[in-house]
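**Q** First, the structure itself, so that you have it in front of you.
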Amino acid sequence: MEVLLYVKERMSILKNFYDEVRVVDPINNIVFSDDFNLKINNKFNEKDCSLSNCYDVWGKKSICSTCISKKAYLKNDTFIKLEYNKNHVFLVIASPIEFNENKYVVEILKDITNNGSIVDGSGEGNYLDLTMKKMGENLIKDYLTGVYNKRYIDQRFSKEAHRNLKESIPTTVIMADIDSFKKVNDTYGHLVGDKILRDFAKALNNNIRENSDWIGRYGGEEFIIVLNNTNLKNGVKVAEKLRKIIEKMSFDYGDLSLKITSSFGVCEVSEKEDPFDTIKNADEKLYMAKMTGRNKTVF
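Here's what the structure looks like:
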């Protein structure tokens, strides 16, 4: 804790430069920080403001494959990286220091999800049309449809499902798929297919709750919708609502106007199985919907 106070006193003049400063002992995997957000972690030691593992702050179970603190410690130099956590992107700077004849690494964390720009190297001071916010979105969003990507799904879903189970909050998963999409691609081409994918994802996203539910592209023309605080019965109602919306829509591309249908599989997260098994089960329900006539919801 003493080393943390030492660092923060000297960093106070740069308080607008960072959101949090933490001191890391990467060899012993200990972090010193007084960040309030870290205190919700049950591994936080109130006595000396330490965490038992330096990677706990990122919600990881093992050391980061891109750990720059250990690199800074071993090479006695400063290193920089971008780190993803939930739906935020952080700029992390790690630099070694010595305190009371002991060596530590100072980590400066800055949330750059919604602000900041990169300046080009031309010397003219022009800002590139690539903001930090856009970089953050590129890490978690599907480039074609704009909904969350597979990486985001894998990192968020399990944590969210486990937390909801712990708090007795129901979570329902919907797997959605465009019927006969390959035929559309083969008949009208990939440009039309891509437009349909974008419009399909937009229609789904616009008809779920903005603050609690979310959608991601699971692969190809298949999408996952996660409904928080929603049981199976109500999840089926949501799936049916979405199915009917898609059925009534016209998908337009220039002079071309197409009608499509979609199939849905619905499953509720259970404490008896791993959350990712819920996705697998919902996917199997989706397969049943497609094999038994399409344009239906199976649960």
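Each residue of the sequence shown is one higher than the last, beginning at 1 in full-length UniProt numbering. Each residue gets a CB set at the ideal place from its N, CA and C atoms; glycine is no exception.
Exposed or buried, Phe17, counting other C-beta atoms within 10 Å across all chains shown (16 or more means buried)?
**A** Classification for Phe17: exposed.
**Q** With DSSP as the reference, label Val89 as helix, strand or coil.
**A** Here Val89 sits in strand by DSSP.
**Q** In whole angstroms, what is the alpha-carbon distance linking Met175 and Asp283?
**A** Each residue's alpha carbon lies about 6 Å from the other.
**Q** Where Thr297 and Lys166 are concerned, what is the direct C-alpha to C-alpha distance, given to the nearest angstrom?
**A** About 29 Å.
**Q** Taking all protein chains shown into account, do 16 or more other C-beta atoms lie within 10 angstroms of the C-beta of Thr230, making it buried, or fewer, making it exposed?
**A** So Thr230 ends up on the buried side.
**Q** For Tyr143, does the count of other Cβ atoms within 10 angstroms reach 16, so buried, or fall short, so exposed?
**A** Result: exposed.
**Q** Would you mind listing the beta strand (DSSP E) stretches within the segment 160-246 that are 3+ residues and don't spill past its ends, in chain order?
**A** DSSP runs (the beta strand (DSSP E)) wholly in the segment 160-246: 171-178, 214-219 and 222-228.
**Q** When you compare only the Cα positions, how much space is there between Thr172 and Asn228?
**A** Each residue's alpha carbon lies about 7 Å from the other.
**Q** In the DSSP assignment, the alpha helix (DSSP H) including Asp277 goes from what residue to what residue?
**A** Element bounds for Asp277: Pro275 to Met291.
**Q** Mark Asn41 as exposed unless 16 or more other C-beta atoms lie within 10 angstroms of its C-beta, in which case mark it buried.
**A** Any answer about Asn41 is weak, because its pLDDT of 40 lies below 50 and its placement is not dependable; what the coordinates show is given next. By the neighbour-count rule (16 or more Cβ atoms within 10 Å), Asn41 is not buried but exposed.
**Q** If we count Cβ pairs, one from each stretch, closer than 8 Å, do we get three or more for the segment 232-243 versus the segment 204-217?
**A** Yes, they touch.
**Q** Buried or exposed, going by whether 16 or more other CB atoms sit within 10 Å of the CB of Arg217?
**A** That one is buried.
**Q** Taking the C-alpha atoms as reference points, what is the distance between Phe90 and Glu20?
**A** Approximately 11 Å between the Cα atoms of the pair.
**Q** From this set, Phe200, Lys244 and Phe32, which residue's C-alpha is nearest Ile224's C-alpha?
**A** Checked all of Phe200, Lys244 and Phe32; the closest Cα to Ile224 is Phe200.
**Q** How would you call Asp179, buried or exposed, if buried means at least 16 neighbouring beta carbons within 10 angstroms?
**A** It counts as buried.
**Q** When burial is assigned at 16 or more other CB atoms within 10 Å of the CB, is Ile80 buried or exposed?
**A** By the 10 Å Cβ count, Ile80 comes out exposed.
**Q** Does DSSP put Asp19 in a helix, a strand or coil?
**A** In the structure shown, Asp19 sits in coil (DSSP, three-state: anything other than H, G, I, E or B).
**Q** Using a threshold of 7 Å, state whether the C-beta atoms of Ile112 and Val106 are closer than that.
**A** In this structure, Val106 does not lie closer than 7 Å to Ile112 by Cβ.
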